[in-house]
Structure formats: structure tokens, C-alpha cells
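The next block holds one structure in the form of C-alpha cells; read it before the comments.
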Ligand code: HEA
Ligand code: HEA
Ligand code: CUA
Ligand SMILES: [Cu+2]
């Protein structure tokens, strides 16, 4: 019985690790300046935990394999008692924690704790059940004020603007997909009109909840031209699964073209 | 304060059926009642997870009879997205609260703890009875949400505001259903608070002569630590739920910010903060997950030595691990909120203790491994589940290592990676703890033996099955598969559907194998061979009395404890193990 | 410290390990209840503080008159605490009637407190304060937090009054012992202590 | 049925004196309030006084002074610890202030 258990555990461990090593299912190719940092952190963690995973499962298997009942046998005790193991765990795991935290907090800070580049492109993001809307300030570079009571999904006034009295609002460009120039820092202001939503682009390696009542800042720089999916990752109602949009990364000139045509 | 005077806590054996089996004050009956409640709950949760899995594998396949059960939720037997979310919410709520808090903690704790410390009953038998019936009421309230309005809530077991706080406008099930959810959980908190209070007092005050704290079995230690955590954690969830109910019914706006707009109308909330709910919920929520696993720690640490026929490596160390995990569990709740819009600085503040908590966990694992080393292992179902526990807990815990780092959580949060993580530690590790405990204590609880052959089959199939179900979820998470999705329509998710199909089939398989357990359980309970007093040659007090124990546990005897709990494989002893109560002198190794 | 500990497990016989705290289980139970209840209050007060810190233009509703009212309430509650202690002393000297009398006085004081409390509420409700409304046009969270925090405390007061009554009556009839008077006293002191925090945090911090 | 706490207690006289002390603290609190400090200056002082008040009541009225030190520490440590932990909410509340959607 013990041998069987050992074999099963080893097989399970190897198969599980195999799919990881073979990258059968893996993170999509990164497209943002901060992604390499995150992926580095990710691989570092994967190596450590992978090693621990295999080693501990194998150790378990080995011990089980060698431990069977026998009238004559006396049970062996772990040489040196528990404390060396305690020390081992504290040192091994402790060191790794230190390094990971040290590197990781830099990465984290780069994404969430540094102010956006001053000349980055401003985009205002409004999330709602179950869609994203994006707003560019237009030529005057100013956003019109938002009036919740004026919000009408029917006539596409997702931001509750009133162009009559509000000059800044008149030239605001409102679109359904987030279009940004490549290699240019973009700074988003996320706000939601109803539930908590979330802004998630796997390729950017960025996720940020959009909390009603707050203006949550988020900034990134896309480095690869293409079209990527923006999905909502915070349960926001029955349409949660269908709430998505696209991130269009264009070369600067094409982007300017696009902005004119809006 | 009309509690019975605890110092005269032994009450006469009841006679009437009601007092004997329904409103009983006997901790053994209450323990069994809790266990049966957990069984009903887990059965329900299992069926729900089946429905969920089928839907995730085959989005618009009709499920027979579903339309009958949920006329609005499943027109033409095809599950609607909102029904999916409702089932998911109920699945999680039932499993976390009514299975994982009741079975390992309330059920086994109630039954075994007083006997293990050598008491005739709990310190406050009346509170104990109330604790169960309150919990039972909470369960009924939760279940009733299936039958009211437009069905159960769909806000997930975390019920994030404002989705959970603005009422019916938020979507189907968010009307009466969500209110019932909040009420149910509030009631549940009261029940568990009573229970924790009872456990702590019993452990401290009702220990029989010689049962010093150092001689308490680790299972009792685990239940003790767990109840301390519970006493402080549920005390926070209770007001949180009350505030949620107020937000929904009395028009307060604790969690409702200014200017919520749902279908073009501005809602009357103002000044609240959705993050406040998340803080209050997770302040309870993280300790809760350790409430779920610590009894497992204790059970493994008690059962494993009994079958390894040797002392646990580092008895005191294990106590230390459990206590420090208990402490740390209050410093880490923010790791669920890394990307929630919380102050990014706090994220770092929460990340460090979260990573540190893996150290005591690692030590615990190493202690178990060290116990298995060179053991004369007796391979019974119980011991197999102990070994399985070690394996799955390692797997599940290590994925926590990723999530604990904000810089990785920005990618992995709310993906199936998280789902995989907590199913491994909670749905499997904790469950294995329950299974080990069941097979170990069944003879004591019901006076009959369980069938080993069926038990072993159940173990092997479950062990293989759950890895097939939940290991692939890690891969889904790596590919960025978002959780709580009723369908996978995004271009980058469609290629993953085959993997989902595989998971579904595995889940159906695992679920089916659970029926082996159910059958074994009920068959043995009534037909199984009579159990001897000490079938496992175990040493703790519950094995020094008859199976099942008499009403006052020890037939009027006042036991005197002479030894620690794990004297197995003792050289020079009469029969290689020494009961805690046996007066025989042995050199402690 | 040690001599006393031995004595209390008489009923269950010395067949027990003695409790590390050397107090009757009932008392330990009440202490634990107080602990978790204190955490509950802590959570609610934190919620209040959280919302208040996060709100720029908080209104301070309390004119001098209501502060004075609050001070009177505080004094009454503090006195009632001492009344309970008097009851306990009496009980220890086995003066059952005297003890009941003091418990009665406590109940009376507690009732006055509750009445003043409610009158304050009614006044504010007349001013137009609601769980969801702020007559001055400021944030509605003001009234909401006020009513919820004080309401929670009021519930505890009422519960305490009932407990006191029950204990008084049953003790009078000789059904209960000293330790019941002591434990109900503990609970009453706890309610009092909670008020010691509500008074500054809810009233004084919101004085005009 | 008696314990340490039952045996010797301060007695009514000292209860009375302590009561006066508590009144004094309340008076100080009120006096401070009407100095119209900024909230973030006032609150700490009020809380300190409240804690003082509470500790008097706990030690003498609730007789914790006459219980086992073990009990005092278990209760004290666990409560204070939990409260401090809850304080982790606050960096967030501050941020709320700045991220609030003012025009909403
Ligand atoms: C029983 C329940 C349980 C347990 C024990 C744990 C344990 C841990 N959990 Fe988990 N967790 C949950 C239940 C649990 N969790 C649930 C339910 C959720 C999701 C809630 C929701 O959103 O719905 C969650 C979510 C969750 C998150 C949030 C993810 C997200 O939403 O973005 C995080 C982040 O830090 C986390 C971390 C951890 C960590 C670090 C541990 C650690 O305690 C793990 C410690 C264990 C180990 C580290 C393994 C030990 C073994 C070894 C290391 C081998 C050593 C061998 C050698 C050295 C040879 N968990
Ligand atoms: C204890 C907790 C627990 C348990 C046991 C399970 C069991 C299972 N869960 Fe569950 N699940 C959760 C807790 C649990 N789950 C939580 C908290 C969520 C999050 C919900 C949310 O997002 O809000 C979730 C969500 C969740 C999802 C993700 C939904 C989504 O995000 O879209 C999925 C998808 O496949 C899933 C599947 C399963 C399956 C197939 C099983 C089972 O089929 C696995 C097989 C079952 C067992 C191995 C246990 C058998 C036990 C017994 C037979 C009895 C034991 C004896 C007693 C209890 C007395 N669960
Ligand atoms: Cu929006 Cu989910
Ligand atoms: Cu957690």
C-alpha cells in the first residue's frame, strides 16, 4: 500500500510539473514596460516553489515507500529532533521571502506607487454594467465635468456630460475601445458608475479594480502594436462574463489619424 | 445570564425522545447533529458544484430537470448566467460556512474535545445546544433563498458591496435572496461565537486530573486555537452583516458611495465606501480560512502518530506552529485586496506577514514528514487520508506563495489560479482532514467499524480525482482565465474550453466517488460490525472508554492522566503503546 | 494568589486540573463574551472612524444642550456601575434583600439612561436626522453612524437591564448565588466602559 | 464558591473615590473639547483619557486587579492586538479622502 502511494504521488508530481515546464498553458506574451519585471519575479517564484513542490512530494513519497509495518522493526526517529528542521525552514523559506519581497516590492512600486509620467496621455475610463467606456479630453486637453443624473445609456451619454453649459465637455471624445499610441505612457483614471468592476489586460500584466465613488489612477506604456482584450475580473452581475473591450495599440501616426476621425 | 452553574455541569441523563435526540444537552449528540448537518450541506454543495461544472464545460447544453427546479433560472433546462452565479455563491457559502466550519470544528470538536480532556460534558451545555440549533436555523434561512423571489444571491460568497448592498436593481437574486444570505450568515456567527466560547472554557476549566495543558492531544490544541480565532473573527463578521442588512433595508449607506447610477437612475446612497465591506469581510475572512484548516492540522497530528506507531516529531513545535498561524492570520487579510483600489502601500504591509505565515506552515509540513520517516506505518483508510492531506496541503499552500506577492497577484488575482489554490487547501486538504477524522473516530461516535475496503477505494479515487480536477485550474489561471465567469466568450478564453471539459469530467468522477463514502458511512453506521473500545491501539482518553461512550463519557469514573498523548512504540512497555490513563511507568523516550 | 485557587472546584471534586485562571467557568465565559463583544464594538467604531476620516466635510450636530445631556447620561451610567458593586458587596455579606435593592437601583439608573438616550434620539429625529438624511445638507453618514453606534449600545443597555432584573428576582428567591450577581455586574461594567469610548468619539468629537 | 476577587476588594469607600476620579476625567474631556483643537489633535487626547477611564473601571470595578495575571494578559493582549490590526484599514481611509470623486 505504501509503495503504491509513493508511486502515485511521484507520478502526480511529475505530471503536474511537466505541464508547467512544457509551458503548455502559459502567460501571454508581455506588451508593457513593466511586464518584464513581473515575469522575472514570476519565474523566480516558480523556480523556488517548483523545487519545493517536487522535493517535498518526493520526500513524502520516499518516506512512505520505506515505512512499512513489521513486528520486529523498531520505528526510527528523525535524527537530531525537530529543531534543525525548524531552523532549515526558517532559513530556506526566510531567505527566499526576503529576496522575493525585496525585488517584488520594487516591481509593485513601479506599477502602482510611482506617479504617472507628466506628459503621459490622459484617458478617462468609465465602467458600467457591462461595458467599458473611454474618454479622451479632445483638443482643449480638458475633461468635461461628470453629472451622474445626466447619465443616459440610451443616447450614449455614458459620462453624464452636459455640453450646453460645459465648454470642456463639448470636444470630449468618447469611444468603446481603448486606443493608445505605442511606447507612449498612458495614464488612466478609472471610475465606475454602478458596481465594482476591474480593468485587466493579461498582456499588460496589469489588473486594477474600478471602485464606484473613487477615481483610481493607473498608468502603463504599451510596447507592442496590436489588439488585446480588456476583461472585467470583478464580479459585477449576471453579465460579468460578457463585460469586455479592446486595447488597440497603434503607431503614433496611425493613432493621430484615428483620433482625428473621431 | 441564566446559564447553568458550570461547576455543577453534569446533568441527569434525559429520558424523553425530544430531550435525548433533538434538543439534547449532551455534547456527543450535538456533535453528531453537527456532523449530520455538515453531511447534508456537503451533499448539496457537491450537487451544486456538479451543475456548475457541467455548465462550464458545455455552456448551452440542457441539463435535465434543471428547468423544473429553476423555472426562471433555466428556461428550456439551459442554465442562465445569473443562475450559474447563484449556484456558485450557494456552493461556496454552503461549503465554507456549513461544511468546513461545522464538520472539522463544531462536529468533531463537540464530540471529541470534552472526552479528550476527560470532562463529562461541555462547560455550558445549554449554550452548546443553542449553538447547534442557531446554526441549523442559519442553514434553513440560507436554503430558503432557493425558493424566494428570483432565487439565491449571485454576489459570490464574498458578497462585495455595492453589488450586495443596493438591492434588487443589482440583478436577479440580489433582492430577497441576498438579504437572506446576510441574515443567515449573521445568525451563523452567533452560533459559532457560542460554540467557541464553550470550547475555550471547556478546554481550560474541565480538564481531568493530570491532564496538564502540555498533555493535551494536538487535536484539542487545534480546536482550542481555532475557537480563539473564531471568538475574535466572527465578532467582526456579525456587525459587518448587520451593517449590510441595514444598507439593504434601512437605507443607510455604509458601503454605498455617492452617485451610484443603475439603469439611468441615481441611487440614494451617499458617502459610504465599498472598500469598507471588503476590509470588514476579509478581516474575518482570512482567519476563517485558518478556522477551516487548523482542525485539519490537529486531526492529522493526532491520527498520523496513531498509525505511524511513533510520537509526532516536535509536539511542542506543532503547538507553536498552530498558535503562530493563529496570530498571523489577523495581520494578512489585505492580501485579498491587493488590486482592490486599496492603498498600494498597504499591499506591501500585508504581503510580508502573508509570506511569513508560510514559515510555520512549512514547519508543520516538515514535522509530519519527519513523523512519516522510518515509521511502522499501518495503512488504514485514516492513515492514507493523513498522507494525502500532507501531499495536497503542500500543493495548495505553495500556490499561496505566488498570490502572496502583490506584484504577481496583479496578474493572478481573480483567475482560476486562486480557485485552484483555495480548493487545494480548503476543498481538499481540509476535507481530507475530515475524512481522516471520520474514519478514525467513527467507531467511537457510532460504536461500529467502517468498511476498510470501501474506504480505501474512496481514498484512491478521490486522491487521483481531485488532482485531475484542480491541478489544471492552475494552468487556466496562468493563461489568465478569469474566475466567476458563467461562459467563456473572450477570444483568449475559447481555446481553454477543452481543458474545462476535462475538469468537468474529472469533477463528475470525483463527485461520484464521494457516494462510496456516503454509502460506506450510512451502511456502517447501522449495519457495520460492532467496534471494540480501542480499535486503533490509540492512547488518548476517548479510547479509554466504551464505544460509544456512556452518557457521562466515563461511567462515573474520574480518570487520572499520567502521560502525554503520543506514547507509541515505547520500548519496554506492556504492548508498545501507553494509554494516557495507564499508571505504568515508562521513561519518556 | 495560590491559596484561593484550590477552593472553587469543590462541586466537581478535586478530580479536576485547576483552571489556569482560577476563576469559575461562568466568570471565564462572561469574560470571553465581553472580549468578543468588545471586538464587535471595536469593528463598528472602526467603521465609523473609517468613514469619518474618509469624509472631508463632516457635520458636527451636537449643540451644548445635547453635550450636557450626554454628560448627565455618562454620570448616571458611572453611578449605576457603583450601584452594582454595592449590590455585590451586599450579596457577599449574604444580605439578599439589600443586594436586590441595589440591583433595583441599578436598573432604575439604567432605565433613566435609556430614557435620556431615547429623548436625545427623538430630538434629533425631529431636527430631521435619519439613518439616510442630514438636515444640514452635509454627509448623511453622520446620522447613520450616530444612530447605529449608539443604537448598538442601547441594545446592550436593554439586554443588561433585563439580565439585571432576572438576576435580582431569582437571587431574591435564593435561586442564584453571589457569582451570578458578580457576572451580571461584569457585563454591566462592560456596557459602561463601552460608553466611555462612545461619549468622546461620538459626542465630544461631534460637538459644535 | 469564592475566589480571590470575592475575598478582598477595595470596598465601597474606594469605589466612591474612584468614581470621583472618573467624573474628573470626564470633566477634563469636556474641557478639552471646548478648546476647539483640530480633530486630529483632540482625538488622541480624548482616546488616551478614555483608555485611562476604562482601565480604572476594569482594574477596580471589574476586579481584574485581583485576578490571575494570566487572565489579565490573555484578555488584554488578544483585544489590543486585534484592535491594532484593524488599524491597518486606515492608510486606506486617508487615501479615500484624496481619491473620492468629489463632483459625485
Ligand atoms: C483552508 C483554507 C486556506 C489556507 C490554509 C490558505 C493558505 C494560504 N493562502 Fe489562501 N485562500 C483561501 C483559503 C486558504 N488559503 C481562500 C478561500 C481564498 C480565496 C477567497 C476568494 O477570493 O474567494 C484564498 C486566497 C488567497 C489569496 C488572495 C488571492 C487573490 O484573491 O488574489 C492569497 C494571497 O496572498 C492567499 C495566500 C495564502 C497563503 C500564503 C497561505 C499559506 O498559509 C500557505 C502555507 C502553506 C505552504 C506554504 C505549504 C507548506 C509546505 C511547503 C512549503 C513544503 C515545504 C517542504 C520543504 C521545505 C521540503 N490565499
Ligand atoms: C470547502 C469548500 C469547497 C469545496 C469542498 C468545494 C468543492 C468543489 N468546488 Fe468549489 N468553491 C469554493 C469552495 C469549495 N468548493 C469556494 C469558496 C468558491 C468561490 C466561490 C466564489 O467565487 O464566490 C468555489 C468556487 C468553485 C468554482 C469556481 C466558480 C467560478 O469561479 O466561476 C468551481 C469551478 O469548477 C468549483 C468547483 C468545485 C468542485 C468540482 C468541487 C467538488 O466537487 C470537489 C470534490 C468534493 C470533495 C472532495 C469533498 C467531498 C466531501 C464529502 C463527500 C463529505 C465530507 C464529510 C463531511 C463534510 C461530514 N468551486
Ligand atoms: Cu464588470 Cu465584472
Ligand atoms: Cu487569505
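Chains as they are written, first to last, in our numbering: chain S, 1 to 262; chain W, 1001 to 1589; chain P, 2001 to 2208; chain L, 3001 to 3104.
Ideal placement from N, C-alpha and C gives every residue a C-beta, glycine not left out.
- Closest by C-alpha distance to residue 1458/W, out of 1518/W, 1430/W, 1555/W, 1495/W, is 1518/W.
- Here the alpha carbons of residue 1364/W and residue 1440/W stand approximately 21 angstroms from one another.
- With respect to residue 34/S, residue 110/S sits close: the two C-beta atoms are nearer than 7 angstroms.
- At a cut-off of 7 angstroms between C-beta atoms, residue 3099/L counts as an interface residue with respect to chain S.
- Your pair residue 1099/W and residue 1038/W checks out as a contact, with CB atoms roughly 5 angstroms apart and the cut at 8 angstroms.
- Within chain P, the residues 2025, 2028, 2029, 2032 have their CB atoms less than 8 angstroms from the CB of residue 1201/W, given in chain order.
- Taken through DSSP and simplified to helix, strand or coil, residue 3011/L comes out as coil.
- Ligand 2 has a heavy atom closer than 6 angstroms to the beta-carbon of residue 1517/W.
- By the beta-carbon neighbour count (other beta carbons within 10 angstroms, threshold 16), residue 2037/P is buried.
- Contact of residue 214/S with chain L is assigned, a C-beta pair being separated by under 7 angstroms.
- The CB of residue 2071/P comes closer than 9 angstroms to the CB of 3026, 3027, 3030 in chain L, given here in chain order.
- When DSSP states are grouped into helix, strand and coil, residue 3037/L belongs to the coil group.
- Residues of the segment 1523 to 1541 of chain W with a C-beta less than 8 angstroms from any C-beta of chain S: none at all.
- DSSP lists 1577/W as the beta-bridge partner residues of residue 1568/W.
- Sequence-distant partners of residue 3029/L (beyond 5 residues in either direction) whose C-beta falls short of 7 angstroms from its own C-beta, in its chain, are 3046, 3049.
- The shortest C-alpha to C-alpha distance from residue 1314/W to any of 1289/W, 1360/W, 1075/W, 1129/W is the one to 1360/W.
- Among the residues facing chain W, residue 2106/P is not included, as its CB has no counterpart in that chain under 7 angstroms away.
- Any Cβ of chain S closer than 7 angstroms to the Cβ of residue 1391/W would place that residue at the interface, and such an atom is present.
- Distances taken from the Cβ of residue 1100/W to the heavy atoms of ligand 2 include one shorter than 6 angstroms.
- The residue from 1515/W, 1516/W, 1586/W, 1366/W with its alpha-carbon nearest to that of residue 63/S is 1366/W.
- Secondary structure of residue 1364/W (DSSP, three-state): helix.
- In the DSSP annotation of this structure, the continuous segment of the beta strand (DSSP E) that includes residue 136/S starts and ends at 131 to 136.
- The beta carbons of residue 2154/P and residue 2106/P sit no closer together than 7 angstroms.
- Interface with chain P (7 angstroms Cβ-Cβ cutoff): residue 3052/L is excluded.
- Minimum Cα-Cα distance from residue 3074/L among the listed residues 2093/P, 2032/P, 2057/P, 2102/P corresponds to 2032/P.
- When rounded, the separation of the alpha-carbon atoms in residue 1355/W and residue 1264/W is 45 angstroms.
- Contact of residue 3033/L with chain P is assigned, a C-beta pair being separated by under 7 angstroms.
- Of all residues in the segment 3063 to 3086 of chain L, the ones placed with a Cβ closer than 7 angstroms to any Cβ belonging to chain P are 3067, 3068, 3070, 3071, 3075, 3078, 3079, 3082, 3083, 3086, in chain order.
- With a beta-carbon spacing of about 4 angstroms, residue 1034/W and residue 1106/W fall inside the 8 angstroms limit used to define contacts.
- For residue 1095/W, none of the residues of chain S pass the 9 angstroms Cβ criterion, the least Cβ distance being about 17 angstroms.
- Between residue 2043/P and residue 1183/W, the C-beta spacing is not below 7 angstroms.
- Residue 2094/P has no beta-bridge partner at all, per DSSP.
- Taken in chain order, no unbroken stretch of beta strand (DSSP E) lies wholly in the segment 1335 to 1407 of chain W with a span of 3 residues or more.
- Take the alpha-carbon of residue 1281/W and the one of residue 202/S: they are about 28 angstroms apart.
- Relative to the Cα of residue 222/S, the nearest Cα in the group 248/S, 243/S, 212/S belongs to 248/S.
- Interface annotation, residue 2151/P: not in contact with chain L, CB-CB separation never under 7 angstroms.
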